[in-house]
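Shown next, in C-alpha cells, is the structure this report addresses.
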Amino acid sequence: MRFDIGKNNNKYNNRRYKKLKISLLLLFMLYLTIPLYKGFFNEKNQNKNDLNNFTAPNLSQIQPNSKPLLIYQHSTITNTFYPLSLPSDISFRLLDGWTSKNVTITYDGVSHQKDWVINGTFDTGEVPWEYFTTEAIIFEYKPWVSDYIEMDVIKSYDNVSKGSYGYFEENITISEPLASNTFATLSMDYFYELGTGGPVSKENKSVFISIGIGGFEINKSESFLDLNEELWTPIDLDIDLTSINQQLPDNATIRAGVFFPNETDTGGKTHTLRFDNIQFSLWTKPNIPNLLIANDTDDKYNYDVYNYTNSTYGKGSAFIDESFSNSEDSDIIFTISKNDTFTEDFTIYNITITSEAVKAFNSTIEGQEGSRYANGIGITWLTESFIFIPYNYLNNWVEITKPNDWNITSILNGFGEEKVGDCTGTGFGSEKLIIPKGNLSSGLWKIEASSKNYISTGNVGVKNGLNFIKKSSLTLGDIFQINVTLNNETFSLTDTQLNLTIEYPNGSIFLKDDSLLFSNNTKFGNYTVGNNMSIGTYQVILSWTNNQSYLSRDKVGFIQFDFDVWHHTNLIAINSYEEKVSGEPFLMKVNFTDFDSNTPIDFATITYNSTLPSGASGTMVYFGSGIYVADMDLSGVDLGDYYFSFNTTNRYFENHSLTDLIHLKIINQSLIVEVPHEVIHVDANSYAGFQINIIGAISNTFITGGVNITTDWNKEYTVTDHLNGSVTLNLSTDNIPLEGIIKTYTVTIFANKVNYGSTSAFISITVHPIPAVVNVNTSIVDIKLHESFSLKMNYTVGESNEIINEAILNVSWVSSFNILSSVNNFIINFSTADLSLGSYVVRFRLNHPGYETAFESVYVTILPLEINVETITFNGTIDIDAGGSSSIRILLTEDGSGKVIENANVTYSWHFLFGGLFENKGNGIYEMEISIPESAKGAYTIDLTITTGDAELKNRNFSFNIYVSQETPPNYLFIGIVIALLSVVGVLGTLSLRSYVIVPRKRKKERIFQNTIQVFKDVKNIQAVMFIQRSSGMPFFNKNYASFNSKDNFLLSGFIQAITLFGEQMISGEMAEDSHKRKHKEIYSKNIIELNFKFFHLLICDYQSVRSLLILREQSSERLKKQFYMLSVEIDAKLGNKIEKFKGKLEDFEVDVDILLNNFLSLYLLEPYKLIEDASYMQFLKKGRELQSIEVRILNVIIAKTKFEKEFTLIQIVEEIDEKNVDKIYGGLHTLIGRNIIVP
C-alpha cells in the first residue's frame, strides 16, 4: 500500500480519475436541473453528489462555557476498479481526520488462460498419449525418443484407401467453467522430412490436429504439398466455444497425425513426421487459493502482503485487518498482482475495495470546541456539530458520548428538521446517543439538552450581634453574607468552584467572588454595605460548575435571588418659621434628602397635616432638587400661631413622622423694602451711598418709628435711620475689586420690625477699578550674547501719574532675573547667560486691589558678538610706492569682552590678488605681506572677509584703502611756475595749484568711493548663478535673484558645455602665438570669458572641477570678475571632491554654496533688511548731525516703509528715493549698514 497525496502514478488510475471527474461534472449538472425537495441532501442523494466544498453557516457569536461532546462519525468507503492488466493499483480516498479499519478487497470475474493438454511437450515420454492407425504397415509408429513423438508413412505402397490415417490421441477433462473470453486455441508444431528413393508423392496426404468436445469435432489440416520440409512449423486452430454452445466443465479428445482424404499411393520416398508442443489453451474461472496478491508496500505498514482467498469459481477476496490514517487527505493504495507461482496469464473483471471508516471530533459552539449552558428555571445545554458526508462515504451513522444526567430534548439537522425521535440513547442514564443510518445528512446539527440543577438554596444573612440572620433588606453599615447549599450526593467536589455575582440595580457588576468547595454548604463574605452601594434592588447570582476548566464541565448549579439596600433620610423645613398676613399666599416648602449620601430624594410621597382651623392636610408636590411644596390658603385665618406635621414614605428610604416641623404666625402686615432698581456705579476706594424706604405691604405707607436694617456687604458700611420710613446706606469700596477689572456685586438688604416680620431686597453695585499704567524705560532691547540688561518701571494712576505703592509685579522671562523694588520703582536685572541668538519677549503684569491690572511687553533681541578689527601697523589709508611692499597686521577681538579671536579665517582681495590669506600669528593677531606691482598707480580698496566656525560671532567684512604713488623726479617746472605765478599773477598761480594738487586728491577720493560702492552695483547686476560639474556638464547648484527664467537647467548647462568645448577647439592652436599678448592681463583672464547676448550677459569661469556661470543684466565690472574667479577657486578647494563624485543630489551643495556666495559676491545685500528698533539711538544720530543728508533721506524712507512691513530690500529703497545720482544712495546705504542702523 502507498499514500499518494492528490495524485495516482498509475496510468490506468489516471484514466479512471479523468472518467470520475467527468462523471462528477455530469452529476453536478443533474443536481442543478432537479428541483430541491425535502431531505435532498440525505444520505441517498449525497452518495451521488460531490459535497467536498460544503461550507458551514455563519452563526451569531456564542462563546463556549462547557465541555464538548465526543462524536464518532461512522461510514463505509467503497471503490470498484476494472483492471486491464496486472499488476494494477486499487485505492480509496481517506480524508484528513478519518481512520480506516477492516479493509476488504473482493475480486470478481477472475480468469486464467490454461493449457489443458497433459504432456503436450513430451519431455518425459508419451503418456497419456495413445497411437491409432488403420494401416499399421503404412502408418508406422515410432517409439518415443525425446521431446517429441514421431511416425512414418512408408514408401512404395499403391492404392491406399481413402480415409486411411495414423494419429496420436489424448483424452482430457476441463474442470473449470468457461470465462467471459470464450476463445480457445488448439495448436502444435510439426517437423516434415523425406527419405531416399524414387519419385515423391504428396498428393492426397494431409497433417491434421483436432479436438472433439461436447459432441463436436473441430480440426485443422495441412496438405503434404504445403508442408515445410526439415523445419519445425506451427499449426494453430482458434475456436469460439460460444459458436458451438459449449458449456464447461466437460471432457475433450485431442488428436494429431496424418490423414489421406482420397485414395493414393505413398510414392518412392518415406515421409517422416514429428509432433511437439501440442496445446489446448482457453480462459476459465479458477477456484483455487493464493492466485492473487495485494501488496501494501508503504514503509509505515511493514510491506504487508495479503493473499487471495477463493470463494467460488472466478471469485475471491482478501481481508486486511489494519488501521490507516494520515494528517491530510490521501489515497490508500494497494497493488494487485498475480502469485508468481502461477505461470499462466490472469484477468480480473473488477476489484472492489471496501473499508469501514470512523472520524472522531468534538462538538462546537460557533466554531469553538465546547458546549454552552444557560441558567434559568432549569439548566439547558446547547452544542453543535457540523456533519459532512464525503463523496463515496456510505451508510453513515453517528455515535455521541453524552453525560448520563443529560436528557436530549432536541436534535435538529442542517435543514432544521427535528430528529430526536429517530435517535436512541437520548434519555437520562444513557451515555451513548446514536443517530442511526439513513438519518444523517450534511449540515450543522444542533443538540439541546436539559440537566439537573445542583444548587438547591441561597439567601442573604445580615450580622446581628454574634449571629447572621436571614434578611432581604440592608442599609448602610450592615455586614452581610451570601449562603448557598448544593444538591449533591454522588460526585466529588474536588476542583469544583462556586461563583458569586452581585449586580447593581442598573444591572452593572457590583461584586464578583468565587470559592473552591469542600462541602455542600458554602458562605461568601463578610461584605459591608458602604457608600458605593446605591439604593435599590440588587440581584444575587450564584453558579456552580463541576470543573474550573470549561473543557471538562458538564454539571451546573444555578440560583438567583435579590435583596434591597435602603438609606437613612432627613426631612427639614426650608423655613421652619413663617410670618404671614391672613389671606396672604403661603407656599410651604420642605427638603427631603438622603442622609447617607447627602443627595436629594426625588419623587417621594410626603403628606402633611396642620393645626389650622380648617385642619388642612394633603400630599406635597415635588419641585426638584429634593424640594417638596404645598400651596396653603390662609384666607380667614385669625391672628395666632399654627403648626404643620409631616409623614414620608419611599421603598428604598427610611420613613419619617415629624410633628410641628413648621411654625406659622399670622401677623398684621409684612414689610416691603424699596431699593434702587438701576445698577449703582461707583469707583474703587470710595463709598456707594443710596436711600431705601420701608413701607407696609398692605397699607403701602411708610413704617415709622425705626426699623432694624442689616446687609451681607463684606466691607465697612453705615446705616442712618431717619425714623420716618427712610434709611440711608453707605457701602465702602476700599481695595475692591481684587481682580483689577470692572466687577458687579449683589448686596442683600435685610429689614425686620416687631409685629411686622422680616423681609429682604437686593441691589447691584458695579465697582470700577482706578485706571493704571505700567511705565517702562524702553520697549526694545538689543543686547549682545551673554550680556545682562536692566529695566526700570513703575505702576501709576493713569491721569495723575501718582505712584501706586505695594503693587504686585509678575515677570515672564525665559531666563533668570532679579527684582529690586524701591519706594516708587521696580528695577529688574535680566540674565541672558543660558540663551542663544534670537528674539525674546519680557512680559510684565502689575496689579493692586482697586486698580486696573496693567500689562506691558519689552522685545529683546540677542545679537551675535561683533568682531572688532583693529589695525596695528597703520591708521586710515596706506600710502605706498609702486613696486614696494608693506606688512599689514590686524587684531581680532570680541566686541564687549575684548577676548581675542583665535582660528579665524581672514581672506583679502584687491585689484591684483584674489583670495589671499592672512597668517594667524596667535593671540588674535593676523598678518599678511602685500606687494605692490610696478604698474600699480592710484587708489585701491583691499576687502577683508573674516569668518569663524563659531555661530555666536558675526562674520565681518572689513575694508581699507591704499594709495599707490609713482616715484617721479622733482617737478622743477612746477616749482618755477609756482614762484613765477606767486610773484607775477596770484590768480593764475592758484589755478595751477588746483590743477596739480587739489584735483588729483579729489580724484583719489572719488576712486576710493567708487571702489566702496561697486559691490552694490555688482550685486544689482546679478540675475542668476549656476555651478556645473565641468567634466559632465551636469548642474549641481542654481539660484535666481531676478526675473531671469532658467527653469531648464540642463538645457542651459548643455548649451554652455557645447560652446565652451567648441571654443577650446578653435583657439587651441593660437594659444602659444597669443601668449605674449596676454602677459599684461590679470591672472583671472585665462579662466573667465564673458558672452554678450541680446537680453543678458553671461560670465563663465572654468576652474579645475567646476564651471561657474553668472547671468548678468549688463557687462560685468573688473571687481565682479575678480570676485567671481575667487569664488570658483574657493568652491573647488572646499567642494572639489564632492563635485567630482556628484550623481544628481543637489541638497549636498546648497548650504555650503550659499555661504560662499555671501562671502565673495555679497549676495546677502539682496536679502530682506530691517531697521533697528532703538528709536532713541536714531534720534540721537539725526539730532547730532552724525548722518549726511542723503543718509537721513534714506532713513526717512525706511521708517515710512517699515510702518506697514518690518522688512524691506535695498533695491526697493533705491527705487523709491528720488535721486539722480544713484551712487549717493549706494554710499548712504553703505554707511547705514556699517553703523548697524539697518541689518539683515
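Residue numbers (this note's numbering): 44 to 1283. Ideal Cβ placement from N, Cα and C applies to all residues, glycine included. Given the structure is predicted, the values throughout are model-derived calculations rather than measurements.
Unbroken stretches of the beta strand (DSSP E), 3 residues or longer, contained in the segment 510 to 566
Those beta strand (DSSP E) runs which fall completely within the segment 510 to 566 and span 3+ residues are 510 to 513, 516 to 518, 522 to 529, 540 to 546 and 552 to 559.
Measure the alpha-carbon distance for residue 116 versus residue 430 and round it to whole angstroms.
8 angstroms
Out of curiosity, what's the CA-to-CA distance linking residue 263 and residue 249?
If you take the alpha carbons of residue 263 and residue 249, they lie about 10 angstroms apart.
Any idea if residue 383 is buried or exposed, counting beta-carbon neighbours within 10 angstroms, 16 or more meaning buried?
exposed
Residue 1195 (DSSP reduced to helix, strand or coil)
helix
Which of the three DSSP states, helix, strand or coil, is assigned to residue 858?
coil
Locate the beta strand (DSSP E) running through residue 703, then write down its first and last residues.
700 to 710
So, with DSSP's three-state summary, where would you put residue 849?
Reduced to three states, the DSSP call for residue 849 is coil.
Cβ-based neighbour list, residue 238, same chain, cut-off 6 angstroms, excluding 5 preceding and 5 following:
312 and 313
Taking the runs of the alpha helix (DSSP H) that are 4 residues or longer, which of them lie wholly in the segment 921 to 979?
none
Look at residue 218 and residue 152 and say whether their C-beta atoms are less than 9 angstroms apart.
no
Give every residue of the same chain whose Cβ lies closer than 6 angstroms to the Cβ of residue 491, excluding the five residues on either side of it in the sequence, and list them in chain order.
425, 452 and 453
For residue 482, which three-state DSSP category applies?
coil
Span of the alpha helix (DSSP H) holding residue 778?
That residue, residue 778, is in no alpha helix (DSSP H); it is neither H nor E in DSSP.
For residue 546 and residue 501, I'd like the C-alpha separation in whole angstroms.
Taking the straight line from one Cα to the other gives about 16 angstroms.
Examine chain D for any beta-carbon lying closer than 9 angstroms to the beta-carbon of residue 958, and answer yes or no.
No chain D appears in this structure, which consists of one protein chain only.
Can residue 599 and residue 496 be called in contact, C-beta distance under 9 angstroms?
yes
How far does the beta strand (DSSP E) with residue 365 in it reach, from first residue to last?
Looking at the DSSP string, the run of the beta strand (DSSP E) that includes residue 365 is 358 to 368.
To which residues of the same chain is residue 256 closer than 7 angstroms at the C-beta, ignoring the five residues directly before and after it?
289, 293 and 295
For residue 1239, report the span of its alpha helix (DSSP H) as first-last.
1232 to 1244
Give a yes or no on whether the C-beta atoms belonging to residue 261 and residue 282 are separated by under 9 angstroms.
yes
What does the alpha-carbon distance come out to for the pair residue 756 and residue 790?
6 angstroms
Output the boundary residues of the beta strand (DSSP E) element that contains residue 1150.
1149 to 1155
Assign residue 286 to one of three DSSP states: helix, strand, or coil.
helix
What residue range is occupied by the uninterrupted alpha helix (DSSP H) comprising residue 1176?
1161 to 1183
So, residue 156 versus residue 380, is the Cβ gap smaller than 9 angstroms?
no
Please state whether DSSP places residue 1052 in a helix, a strand or coil.
helix
Close-in-space but distant-in-sequence residues of the same chain around residue 682 (CB under 6 angstroms, 5 per side omitted)
709
With DSSP collapsed to three states, give me the class of residue 382.
Assignment of residue 382 by DSSP, reduced to helix, strand and coil, places it in the coil class.
Looking at the structure shown, is residue 168 part of a helix, part of a strand, or coil, going by DSSP?
DSSP places residue 168 in coil when its eight states are reduced to three.
Spatial neighbours of residue 388 in its chain, beta-carbon cut-off 8 angstroms, leaving aside the 5 residues before and after:
155 and 156, listed in sequence order.
Scan the segment 450 to 500 and note each continuous beta strand (DSSP E) run of 3 residues or more that stays entirely inside, going in chain order.
475 to 478 and 486 to 494
Simplified DSSP state of residue 1046, which is helix, strand or coil:
helix
Does DSSP put residue 682 in a helix, in a strand, or in coil?
coil
Answer with buried or exposed for residue 1066, where buried requires no fewer than 16 other C-beta atoms within 10 angstroms of its C-beta.
buried
Grouping DSSP H, G and I as helix and E and B as strand, with all else coil, what is residue 1259?
helix
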